[in-house]
Amino acid sequence: QLAGTPRYMAPEMARGELGDLDASADVYLLGATLYEIVTGQVPRKGKKMRPMLMDAMKGVVEDPANAADPAHVTPEIRRIVMRAQAPERADRYRTVSDFRAELTSYLGHVDSITLSVETQALLATYEAELLDKTSGSTVVRVVSREDAAGWYGKLSECVGRFERAIVQWPGNDTARLGLLNALATHTRLAIAQQDLTLGQAQLARLDTVAGDDPVLAVKAKSRKRKLMERIAAARAESSLRARRARRLRALSWILGVVAVAGLVFGVYMQERRRAMAAENQL
5 QLAGTPRYMA PEMARGELGD LDASADVYLL GATLYEIVTG QVPRKGKKMR PMLMDAMKGV
65 VEDPANAADP AHVTPEIRRI VMRAQAPERA DRYRTVSDFR AELTSYLGHV DSITLSVETQ
125 ALLATYEAEL LDKTSGSTVV RVVSREDAAG WYGKLSECVG RFERAIVQWP GNDTARLGLL
185 NALATHTRLA IAQQDLTLGQ AQLARLDTVA GDDPVLAVKA KSRKRKLMER IAAARAESSL
245 RARRARRLRA LSWILGVVAV AGLVFGVYMQ ERRRAMAAEN QL
């Protein structure tokens, strides 16, 4: 028969499969409790019993990231909570001890996680001001050299904070992704300011961002390739402008020589005419 509290119960409890209950049901209930601790709300909302029971049977749980106050919902704690409340038993932690070990590990890295989450929010604020993301692009707005120096400092601060978070916990994937984004934005600004050597130096740091994460390594490689193409295009354009400038300077010099020669010839002819006029008069 049905047993449990609908807002918290595992799907197998909602379906009345009480004879088959094992440790995974305990893991589910502990995950639901952790959900409420982290978000301040219950895993399942609603006032009517039947719809709530139907959701319980399917294992429907609201994403903790959508909580009214998601300040404490880091990607890592969200992953722990959702795994503990996975609809399928095989997808949950095998035992309560495994669940506890994962949570204890998370708490041991909470300083690194907090630093990376705070820095991610700071970087998002900076990018909203600096980047023009119209039409899905990430083009740097036009800024003066003086303002660019200030932006370099702000982005370097984000890079440093992400790197500290990674030193505190090398497995902090949020910090590694944030570092990738911060370095990419720093490079885009360098390209826009024609500081191409600086941009290339920042791109070289992308090789170590991913750590042991193969997915992030692919993303870092793709981002580096695209930005290298932009740097190459900027160098080509700069070289073209330099050649044009040299040609213009050469043309200006030639025109100047011609003008001086014409002036000297004009003076010579004027003196020549004066001499001839004096000779004719004599």
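Residues in the sequence shown are numbered from 5 upward in steps of one, following the numbering used here. Just so it is clear, CB atoms sit at the ideal spot from N, CA and C, and this is done for glycine as well.
Among the options, whose alpha-carbon lies nearest the alpha-carbon of residue i?
i	options	result
residue 158	171, 65, 123	123
residue 232	268, 81, 209	209
residue 198	176, 220, 179, 148	148
residue 133	220, 41, 193	193
residue 214	230, 180, 205	180
residue 34	51, 99, 94	99
residue 144	63, 188, 171, 169	188
residue 167	42, 117, 93	117
residue 63	71, 146, 36, 72	36
residue 59	285, 90, 84, 71	90
residue 68	142, 95, 43, 241	43
residue 110	8, 237, 82	82
residue 238	271, 255, 204	204
residue 220	243, 176, 97	176
If you follow the alpha helix (DSSP H) that residue i is in, where does it begin and where does it stop?
i	result
residue 173	Careful: residue 173 lies outside any alpha helix (DSSP H) and carries neither H nor E.
residue 18	15–18
residue 35	27–43
residue 203	200–208
residue 57	53–62
CB residue i to CB residue j, shorter than 9 Å?
i	j	result
residue 113	residue 173	yes
residue 48	residue 11	yes
residue 15	residue 61	yes
residue 66	residue 45	yes
residue 196	residue 162	no
residue 207	residue 228	yes
residue 2	residue 38	This structure gives no information on residue 2, because the portion of the chain shown stretches from 5 to 286.
residue 191	residue 121	no
residue 17	residue 23	no
residue 126	residue 96	no
residue 170	residue 184	no
In chain order, which alpha helix (DSSP H) runs of at least 4 residues are fully inside the region 79–121? 79–88, 100–112
Pairing CB atoms from the region 217–233 with CB atoms from the region 261–274, are three or more of them under 8 Å? no
Give a yes or no on contact between the region 52–61 and the region 98–113, applying the rule of three or more CB pairs nearer than 8 Å. no
Tell me, please, whether the region 20–30 touches the region 73–87 by the rule of three or more beta-carbon pairs shorter than 8 Å. no
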